[in-house]
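J.: One structure, as structure tokens, below. Some questions next.
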Amino acid sequence: MVVDTTESTPPKKTPFGRWIAGFWISFLSVVFGLIVWEIAARYFIDPFFLPPVSAIVAGAIELIERGLLFQHIAISLFRILTGFILGSLVAIPLGLIIGSYMPVRQIFDPYIHFLRFIPALALTTLFLVWFGVGEVSKILLVMYSTGFIVVINTATGVVTTHKNKKLAAETLGASAWQIFWFVTVPAAVPSMYVGMRLALAGSFLVIVAVEMLAAESGLGYLIWTSKLYFRIDWMFVGIFLLGFFGLLTDYAWKVIGRRWLRRYVRETANY
Amino acid sequence: MTIEMTRVSFAYDGGTSGVPVLADVDLTVPDGEFLILLGPSGCGKSTLLKLIAGFDKPTTGEVKVAGKTVTGPGKDRGMVFQDLDSALFQWLTVRGNVEFGLRMNKVSDADRKRQADEALRMVNLSGHVDKLPDELSGGMKQRVQIARMLAMRPEIMLMDEPFAALDAQTRQMLQTQLVTIWSEVKRTAIYVTHDIREALNLGQRILLMSAGPRAGIKHEYEVPLSYPRDQTDPTYIDLLDRLSKDIEEEVTKVWS
Ligand SMILES: Nc1ncnc2c1ncn2[C@@H]1O[C@H](COP(=O)(O)OP(=O)(O)OP(=O)(O)O)[C@@H](O)[C@H]1O
Ligand SMILES: [Mg+2]
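Which chain is which? The protein sequence lines are A and B, in order.
Counted the way our numbering counts, the first sequence spans residues 372 to 642.
Counted the way our numbering counts, the second sequence spans residues 1210 to 1465.
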């Protein structure tokens, strides 16, 4: 226990109390930022380049009234989450095997280390040609970008598992299979967790680019077409929603880490 | 179980180029003995212990346990690692760590609980079973390692400087506790240390290793004293003196 003199003086703050205090600081910071923005956009900057917050809200309401906004949100999130989950489902077992079994590593390594430098964006048009303009190509692209990050992180987690843990398990009579399942896998959870968190952020980047290039829906599409209509306020609605849902999914991931994976990921879920 | 090493040499590169770390080590440890391996840092104490544990294989020579050649780690030889954190399963509670081996060996629920409780009691951790390793002090972590080994009731207990990273008071306390445990379980113990007093507090016999490379066993000391060791006993003082001079010779070799 770290002795914190500020904490020992009454009244004591509960963890929840501290969280609320932290929350209000962040909340006020955001409100302040929005007010600065509103004033700047109204009085100092050409609203064509930076519309005030109020105009963006009005634009959002207009989009909702046209009945399109929720559809864009839903389809983008669907693509992101489907690609992310499917990509992780493929990548985690693959990363575990690559990390723990040399022949498999040697088979996959050249592909992985070559392809990891080719961003999903570079493959977008190719995937459209191969898999059509439908959902399949978009989800595959998210899977691709997720997959690499998660495979590499998972394999790294396996490889960096301390030798002593496996030796200790051996002296305790664990079989090779038990060591893999009860030592290597849990020891690699923090790397998987961090890899998936990075991949989740990466999925947002990929999906926006894909939707700008080849889609009739989604937040990327909204941002792209707003330009054609000279509706910079709608563009900001799209940008804001990306940030908002990025933040939300990341937060959800942190909650999952803290609530269900606490003893595996430990400090990793704190920031 | 007795341990026998005959003309054991070991080189980390497999003996292809460099000088071996250990050369021509002969060693016999009778069943039930508390043996100390004492030597200057880097001489190869851990290496020797790892050969007995079966983590490494001798380049030449043979390691036998109960008459059978060691080919790898086994649950007959428990190990306590020097490092506080790297050998514990930090996602498992104290109880989870201690029960790990029993679970892997599919010991029945009742036996598992009984053996784990007994091991936890011996190291005085019964009150901390639900803590995670992160929530423990260094001394407690080492006690978890010891309990985890004890729960498996290994014939041979291998310990690699388990208390080296701890403060003097904690170390002294754990030494006393370890002697009690050893006399209770009556198993062979091999304990590595570079601390002469620790060696004298714990061991029935002390093997002093020469400085590496090509390290071996330089001298052997019997400690004809009962437990707990009386540090004012003339024999204790005499041994302390002789060991100090002997080990200093080896340390000087390394530095000159
Ligand atoms: N994995 C390894 N690969 C190559 N050389 C090693 C390895 N481990 C140890 N050595 C070398 O072998 C020699 C003996 O090391 P060892 O760890 O057995 O010493 P030690 O007596 O346990 O030292 P300490 O008291 O500092 O723990 C050292 O010179 C060391 O550099
Ligand atoms: Mg050592």
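Positions of the beta carbon are idealized from the N, C-alpha and C atoms, including for glycine.
Every value quoted in this text rests on a predicted model; they were computed, and no experiment measured them.
1. If you drop the 5 nearest sequence neighbours on each side, which residues of the same chain put their C-beta closer than 8 Å to that of Gly1425 of chain B?
2. Counting along the chain, where does the beta strand (DSSP E) carrying Met1368 of chain B start and finish?
3. Run through the stretch 1283-1307 of chain B for me and flag every whole alpha helix (DSSP H) of 4 or more residues, listed as ranges in chain order.
4. Can you pull the chain B neighbours of Asn524 of chain A, defined as C-beta to C-beta under 9 Å?
5. Three or more C-beta pairs closer than 8 Å, one from the stretch 1402-1412 of chain B and one from the stretch 1243-1257 of chain B: is that the case here?
6. Residues in its own chain within less than 8 Å of Leu494 of chain A by CB, not counting five upstream and five downstream?
7. Would you tell me roughly how many angstroms separate the C-alpha atoms of Arg353 of chain A and Asp1442 of chain B, rounded to the nearest one?
8. Could you tell me which chain A residues have their CB closer than 8 Å to the CB of Arg1357 of chain B, listed as they occur along the chain?
9. Mark His484 of chain A as exposed unless 16 or more other C-beta atoms lie within 10 angstroms of its C-beta, in which case mark it buried.
10. Should Ala443 of chain A be flagged as near chain B, meaning a C-beta pair shorter than 8 Å?
11. Below 8 Å, how does it come out for the stretch 527-547 of chain A and the stretch 466-473 of chain A: are there three or more Cβ pairs, yes or no?
12. What does Val1234 of chain B pair with, by DSSP beta-bridge criteria?
13. Compute every distance between the C-beta of Lys1254 of chain B and the non-hydrogen atoms of ligand 4, then say whether any falls below 7 Å.
14. Could you compute how far the alpha carbon of Asp417 of chain A sits from the alpha carbon of Val407 of chain A?
15. Based on DSSP bridge pairs, tell me the residues matched to Tyr642 of chain A.
16. Kindly examine ligand 1 and report whether one of its heavy atoms sits closer than 7 Å to the Cβ of Glu1480 of chain B.
17. Please find out if some non-hydrogen atom of ligand 1 comes closer than 7 Å to the beta-carbon of Gly528 of chain A.
18. Let me confirm a value: Trp605 of chain A is counted as buried when at least 16 other C-beta atoms fall within 10 Å, else exposed. Which label applies?
19. Taking a Cβ distance cut-off of 7 Å, strictly less, list which residues of the stretch 1338-1352 of chain B are near chain A, in chain order.
20. To the nearest angstrom, how far is the alpha carbon of Asn524 of chain A from that of Gly518 of chain A?
21. What does a CB cutoff of less than 8 Å around Ala429 of chain A pick up in its chain, not counting 5 residues either side in sequence?
22. Closer than 7 Å between beta carbons: that is the criterion. Which residues of the stretch 485-501 of chain A meet it against chain B?
23. May I ask you to verify whether the stretch 1279-1292 of chain B touches the stretch 1331-1344 of chain B, counting CB pairs closer than 8 Å and requiring at least 3?
24. Mind checking whether the beta-carbon of Glu1370 of chain B lies closer than 7 Å to any heavy atom of ligand 2?
25. Ile510 of chain A and Leu457 of chain A - do their beta-carbons sit closer together than 8 Å?
26. Rounded to a whole number of angstroms, what is the C-alpha to C-alpha distance between Asp1320 of chain B and Thr1389 of chain B?
27. Given this structure, state the Cα-to-Cα distance separating His1428 of chain B from Val1460 of chain B, to the nearest angstrom.
28. What is the residue span of the beta strand (DSSP E) that Ala1483 of chain B lies within?
29. CB of Gln1291 of chain B to nearest heavy atom of ligand 2: below 7 Å?
30. Per DSSP, what kind of secondary structure is His349 of chain A in: helix, strand or coil?
31. Please state whether the Cβ-Cβ distance between Ile1261 of chain B and Val1279 of chain B is less than 8 Å.
32. Is the distance from the Cβ of Leu1311 of chain B to the Cβ of Gly1348 of chain B below 8 Å?
33. At a Cβ threshold of 8 Å, is Arg1286 of chain B touching chain A?
34. Indicate whether at least one CB of chain B lies closer than 8 Å to the CB of Gln477 of chain A.
35. Could you round the C-beta distance between Asp1439 of chain B and Tyr1430 of chain B to whole angstroms and report it? I think they count as a contact, below 8 Å.
36. Val1307 of chain B and Arg1362 of chain B: beta carbons closer than 8 Å?
T.: Reading from the atomic positions:
1. Leu1231, Ala1232, Asp1233, Val1234, Met1418, Ser1419
2. Unbroken beta strand (DSSP E) run through Met1368 of chain B: 1365-1369.
3. none
4. The premise fails here: Asn524 of chain A is roughly 17 Å from chain B at the closest Cβ pair, so nothing lies under 9 Å.
5. Contact annotation: the stretch 1402-1412 of chain B touches the stretch 1243-1257 of chain B, with at least three C-beta pairs closer than 8 Å.
6. Leu512, Tyr515
7. There is simply no residue 353 of chain A to check, as chain A begins at 372 and stops at 642 in what is shown.
8. Within chain A, the residues placing a beta-carbon under 8 Å from that of Arg1357 of chain B are Ala539, Leu543, ordered along the chain.
9. exposed
10. Ala is not the amino acid found at residue 443 of chain A; the sequence shown has His there. Chain B, which has no Cβ nearer than 8 Å to the Cβ of His443 of chain A, makes this no.
11. yes
12. B:Val1217
13. The model depicted lacks ligand 4 and carries ligand 1 and ligand 2 instead.
14. 15 Å
15. According to DSSP, which records beta bridges pairwise, Tyr642 of chain A is partnered with nothing at all.
16. Coverage of chain B is limited to positions 1210 through 1465, which leaves residue 1480 of chain B absent and any answer about it impossible.
17. no
18. buried
19. Within the stretch 1338-1352 of chain B, the qualifying residues are Leu1341, Asp1343.
20. 10 Å
21. Asp604
22. Cβ contacts with chain B come from no residue of the stretch 485-501 of chain A.
23. Segments in contact, no.
24. yes
25. yes
26. 23 Å
27. 15 Å
28. Not covered by the structure: residue 1483 of chain B. The range shown for chain B is 1210 to 1465.
29. yes
30. The question about residue 349 of chain A has no answer here: the residues shown for chain A are numbered 372 through 642.
31. In terms of Cβ geometry, Ile1261 of chain B and Val1279 of chain B form a close pair [threshold 8 Å].
32. no
33. Arg1286 of chain B counts as touching chain A.
34. no
35. The beta carbons of Asp1439 of chain B and Tyr1430 of chain B sit about 17 Å from each other, so the pair does not count as a contact at 8 Å.
36. no
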